[in-house]
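The opening position of the sequence shown corresponds to residue 8 in our numbering, with each subsequent residue numbered one higher. Beta carbons: idealized from backbone N, C-alpha and C, even for Gly. The model shown is predicted, which means the values in this text are computed figures rather than measured ones.
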Amino acid sequence: MDNLLSYGEIKMMRRIGKIAAKIIKTLKRFIKAGISTQDIELFFEKILKRYPGYEPAFLGYNGYPANLCVSLNDEIVHGIPKKERKIKEGDLVSVDLGIKYNGLFVDTAYTYPVGRVSPLAQRLIKVGKKALKEAIKKARIGLCIGDIGETIERIAKSNNFSVIRSFVGHGIGYNLHCPPEVPNFGKSGTGEKLLEGMVIAIEPMISAGSEEVVISSDRWTAKTKDGSLSCHFEHTVAITRRGPLVITS
8 MDNLLSYGEI KMMRRIGKIA AKIIKTLKRF IKAGISTQDI ELFFEKILKR
58 YPGYEPAFLG YNGYPANLCV SLNDEIVHGI PKKERKIKEG DLVSVDLGIK
108 YNGLFVDTAY TYPVGRVSPL AQRLIKVGKK ALKEAIKKAR IGLCIGDIGE
158 TIERIAKSNN FSVIRSFVGH GIGYNLHCPP EVPNFGKSGT GEKLLEGMVI
208 AIEPMISAGS EEVVISSDRW TAKTKDGSLS CHFEHTVAIT RRGPLVITS
């Protein structure tokens, strides 16, 4: 398996992941009402240029036309940054970014509230963060992919939210996406067994309404069919003898 990695390779991914985490943290201060989604992409480019050899992982991937994804409100994932797309007070802004270095990839995502957001939006973010945190605890040797998905789905449903089934987490390493798939739903004890050295991207995508998805006219941006709010949180996680190692923290 190309995502069954050595200690040295995981250590290198951790180095890349720390940069990704720093960018995610810096964006918390940068994202505000009045900027465009393209401004976020340009800011990402500017920071990444400080690190020679580090590249945006998404640009050109399967033809994707930008360096990262910026999705607003009912947009779940794969939102293309645009100069004319302005961020407003009360928006939810989901940023999904990947970085490549020395042939290795990391992938991470975070949903930012802009200013004062609705109680529903606050609760959605809280549930998304909790789902990711609890799912990471299941990334242990001997457990199964289904244990991760079951955890995410249970937390979402217990709060009357839905998990998005059309998009899933994935293996990662020398490829941005590789087996196994890591769905946000499942049954404990089922699916592929987790092995030492496996690295996966766990990424709860949760809707405040329906799980149904539509693709926008740009052929990339995925939105909730009923227009409900969504959130997206993601970490790259290595399965190690000592337990889950969050690469992108």
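Pair within 8 Å by beta-carbon distance, residue i and residue j
| i | j | result |
| --- | --- | --- |
| L202 | I132 | no |
| I213 | C238 | yes |
| E157 | V170 | no |
| I30 | P63 | no |
| P187 | G178 | yes |
| N109 | M19 | yes |
Secondary structure of residue i, DSSP reduced to three states
| i | result |
| --- | --- |
| M8 | Because the pLDDT at M8 is just 48, under 50, the model does not fix this residue reliably, and the value given afterwards should be weighed accordingly. M8 falls in the coil class under three-state DSSP. |
| A215 | coil |
| V175 | coil |
| T44 | helix |
| Y108 | strand |
Cβ neighbour criterion (16 or more within 10 Å) applied to residue i
| i | result |
| --- | --- |
| G234 | exposed |
| P59 | exposed |
| I152 | buried |
| N69 | exposed |
| Y119 | buried |
| E52 | exposed |
| E91 | exposed |
| T197 | exposed |
Cα-Cα separation between residue i and residue j, rounded to whole angstroms
| i | j | result |
| --- | --- | --- |
| N182 | S125 | 38 Å |
| F50 | D98 | 19 Å |
| I54 | G176 | 26 Å |
| S43 | S78 | 12 Å |
| R248 | A116 | 26 Å |
| K232 | R172 | 13 Å |
| H184 | V113 | 10 Å |
| G216 | V102 | 20 Å |
| I155 | A229 | 23 Å |
| I222 | C76 | 14 Å |
| E16 | I26 | 16 Å |
| K194 | L11 | 24 Å |
| L127 | S13 | 43 Å |
| M8 | G180 | Since pLDDT at M8 reaches only 48, below the 50 mark, its modelled position is unreliable, and the value read off the structure follows with that caveat. If I take the Cα positions, the gap works out to 10 Å. |
| L252 | G24 | 11 Å |
Nearest residue (CA-CA) to residue i, options the options
| i | options | result |
| --- | --- | --- |
| A2 | G178, T197, L127 and L104 | Shown here, the chain extends from 8 to 256; a query on residue 2 therefore has no answer. |
| E210 | L49, K53, G198 and V134 | V134 |
| L66 | L236, H85, E141 and A128 | H85 |
| I280 | G250, K39 and F168 | This structure cannot settle anything about residue 280, because the visible part of the chain is limited to 8 through 256. |
| K144 | V221, T243 and Y68 | T243 |
| P262 | I83, K89 and P59 | Past the edges of the chain, shown from 8 to 256, lies residue 262, and the structure says nothing about it. |
| I94 | S223, G41, G60 and Y119 | G41 |
| I83 | T255, E219 and L252 | E219 |
| E199 | R22, L150, S224 and L252 | L150 |
| A163 | V100, A138 and F174 | A138 |
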